Amino acid sequence: MRRGAFRVLCALLLCFESANAQTSLPQQTIVVFNRALPESIALAKFYAQKRGIAADHLVGLDCSRNEEISRAEYDQTIAEPLRAQFRESAWWQMVDASVAHPRVSASSIHFVALIKGMPLKIRGVEQPYPGDKPGQGPIASRTDASVDSELAALSLFAPEISGAINNPYFQASMAISEFQDAPVLVVCRLDAPDEKTVRRMITDAIETEKTGLWGRAFVDGAHNTTGALVLGDIWMSTMVDQLRNAGVPVVFDDHPGIFPDAYPVSDCALYYGWYAGTIGGAFAQPKFKFLPGAIAAHIHSYSAETLRDPGKGWSGALLLHGAAATIGNVYEPYLQLTTNLDLLNERLLKGFTFGESVYMATRGLSWMNIAVGDPLYRPFGNLSPLDPKKTSPWRAYRDFAKKNRGAADYRKQAVQFALRTKNALMLEDVGLMELRGGNFDNAIAALQNARARYSAPDDVMRCVLEECDAWRTSGKPERAVALARDVLRVLPDAPGAALLREIAK
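All you need for this note's numbering is the position in the sequence shown, starting with 1, plus 1.
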């Protein structure tokens, strides 16, 4: 067999295996909706039809229309009816099924899609809860939680509601269907400020899977070195390395503020940031849109306090700006129990579903976390089309990184390859690698070559701003001022010009 034919055969086999895995996912999924809301019923049917989920896997509940409910409402209208449905449908294999707190040994259902209209969060109890053993301290004494995180632990039949339950799936690296330690449910919600956005999230995820998620990542650190908060910036810097190792171009801002209003964000497929209370900066601009299928997350204690009001927090607003999926917290989670963004990103890049990736990256259940998006969405599950002639700058970079990342002269090779192929996004990313490494001459040369090859104004202006940063960081602020003034004379109204005016002062 010729080498080219062998490569095609291997690609066919990979696609066949991927298709088989995708086919089985709907059989492992139930769709839970609120029977009191017509839009919840309609969205449940829409998602099930799009994903090929059987009608007997749609579960309607009679529950509150409110986002926040009491513990008694959760027990009586959500947890108990769902447990009854699992038993009736024989989705659980149970030990000691007749006792008050039986043990679930296995489950045929692994994914739960909560549809818009289902309650979001459970407020804390004011009176002692039967069977609960509250502890001391800020975590062990808490009795509030997200509905989603409570449902993830549905099979545990735990009477204790105080504190968080250790997630046995945390840091796993296998499909949830292969995980034998405990029948954790991967619970995500298809929810947003309006019904139209939920439908778009569903279709974007399914369409993006056909070719994979391609685009640029924007990672926004906070330069926070205070005590335990330094962990957040560690996650951010770790993700930058993960993404570049995978050949995904990254713009990394490690200054205290968020990406400013005028910052030229383009082709954004991934966004990770922290730590502002309400969406702002570049991502709040009216015309800003993520690429279809984008995943976006901003760490904040109350990022998902509500999904109905896009003026509060980040989660709902990110979805309105085009993201297909996000994560958030309904109440104060404390940073250590927030979904670990570096683990989330790493598992996504490995090809796991969005739902699996979130739960592999989340330390606790029965806590404050939610995942918003299609649980079955695999943004990086299919990145190998059969026709090698169908290339793009994004694919060329990813293929180059996969083949050459371990080389001692990787950056030099990358610049040569990018110059030869006129790959501007690759030149920009190598320039930013050099800047982060303190190699200012190399950084400036690569960024100058990148902007000479870009055609879109946003991309050109971003390279100019990055070059100004390189001049200032290298101890030559006068060169940054000169560059800013030169560009403003030619492009006084270009995207990002307001930022250049600040430099040119």
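We put the CB at the ideal spot given by N, CA and C, even for glycine.
These numbers were taken from a predicted model, which means no experiment stands behind them.
Query                                                                                                                                                                     : Result
With respect to the alpha helix (DSSP H) encompassing M237, which residues constitute its N-terminal and C-terminal limits?                                               : V231 to N246
Where does Y48 sit, in a helix, a strand or coil, going by DSSP?                                                                                                          : helix
For N67, which option in T327, R309 and Q286 has the closest C-alpha, if you only look at C-alpha atoms?                                                                  : R309
Return the CA-CA distance between D205 and A101, expressed in angstroms with no decimal places.                                                                           : 43 Å
Would you mind stating whether F253 and V220 have Cβ atoms separated by less than 7 Å?                                                                                    : yes
Would you report the Cα separation of L387 and W395, rounded to the nearest angstrom?                                                                                     : The pLDDT assigned to L387 is 42, lower than 50, so where the model puts this residue is not dependable; a value taken from the coordinates is nonetheless given after this. Rounded to the nearest angstrom, the two C-alpha atoms are 17 Å apart.
Would you check if the distance between the CB atom of S147 and the CB atom of I371 is smaller than 7 Å?                                                                  : yes
Could you check whether A419 and L433 sit closer than 7 Å to each other, using their CB atoms as the reference points?                                                    : no
Distance, Cα to Cα, A43 vs L59?                                                                                                                                           : 11 Å
Rounded to whole angstroms, what is the Cα-Cα separation between D76 and G125?                                                                                            : 13 Å
Can you tell me whether H224 is buried or exposed, with buried defined as 16 or more other CB within 10 angstroms of its CB?                                              : exposed
Sorted by chain position, which residues of the same chain lie with C-beta nearer than 7 Å to C269's C-beta, five sequence neighbours on each side aside?                 : G216, R217, F219, F291, L292 and A295
Can you give me the C-alpha to C-alpha distance between D460 and G438, rounded to a whole angstrom?                                                                       : 22 Å
Just to confirm my understanding: we take A22, look at its own chain, exclude 5 residues before and 5 after, and list those with CB closer than 7 Å. What are they?       : Since pLDDT at A22 reaches only 49, below the 50 mark, its modelled position is unreliable, and the value read off the structure follows with that caveat. Cβ within range, chain order: n/a, list empty.
When you compare each of C469, G281, T144 and R72 to K313 by their alpha carbons, which one comes out closest?                                                            : G281
Within its chain, find whatever has a CB closer than 8 Å to the CB of G258; leave out the 5 residues flanking it on each side and keep chain order.                       : G282
Helix, strand or coil: how does DSSP classify L500 here?                                                                                                                  : helix
Where does the unbroken beta strand (DSSP E) through W395 begin, and where does it stop?                                                                                  : Run containing W395: none in the beta strand (DSSP E); it sits in the alpha helix (DSSP H), P394 to N405.
Taking 8 Å as the threshold, find out whether the region 361-381 comes into contact with the region 403-423 through three or more Cβ pairs.                               : no
Can you give me the C-alpha to C-alpha distance between E479 and E306, rounded to a whole angstrom?                                                                       : 45 Å
Quick one: what does DSSP say W93 is sitting in, helix, strand or coil?                                                                                                   : strand
With C-beta atoms as the reference, is Y455 less than 7 Å away from L342?                                                                                                 : no
Could you tell me whether the region 176-191 touches the region 329-337, where touching means 3 or more Cβ pairs closer than 8 Å?                                         : no
Given a threshold of 16 other Cβ atoms within 10 Å of its Cβ, counted over all protein chains shown, does R490 qualify as buried or as exposed?                           : exposed
Buried or exposed: T354, going by 16 or more other Cβ atoms within 10 Å of its Cβ?                                                                                        : buried
Report all residues from its chain with a CB closer than 8 Å to the CB of P493; omit the five preceding and five following residues, and keep chain order.                : none
Contact check, A80 vs L191 under 8 Å by CB: the rounded distance?                                                                                                         : With a Cβ gap of about 20 Å, A80 and L191 do not count as contacting.
Drop a sphere of 10 angstroms on the beta-carbon of A193, count the other beta-carbons inside from all chains shown, and report buried for 16 or more, exposed for fewer. : buried
For the beta strand (DSSP E) containing A223, list its first residue and its last residue.                                                                                : Neither: A223 is in no beta strand (DSSP E) and is coded neither H nor E.
Among H322, Y411 and L186, which one has its Cα closest to the Cα of G248?                                                                                                : Y411
For the structure I just gave you, are there three or more beta carbon pairs, one from the region 82-90 and one from the region 127-137, closer than 8 Å?                 : no
With distances taken between CB atoms, is the gap from V113 to L186 smaller than 7 Å?                                                                                     : yes
For V148, name the three-state secondary structure that DSSP assigns.                                                                                                     : helix
Among all the DSSP beta bridges, which residues are the ones paired with M119?                                                                                            : K117
According to DSSP, is D254 helix, strand or coil?                                                                                                                         : strand
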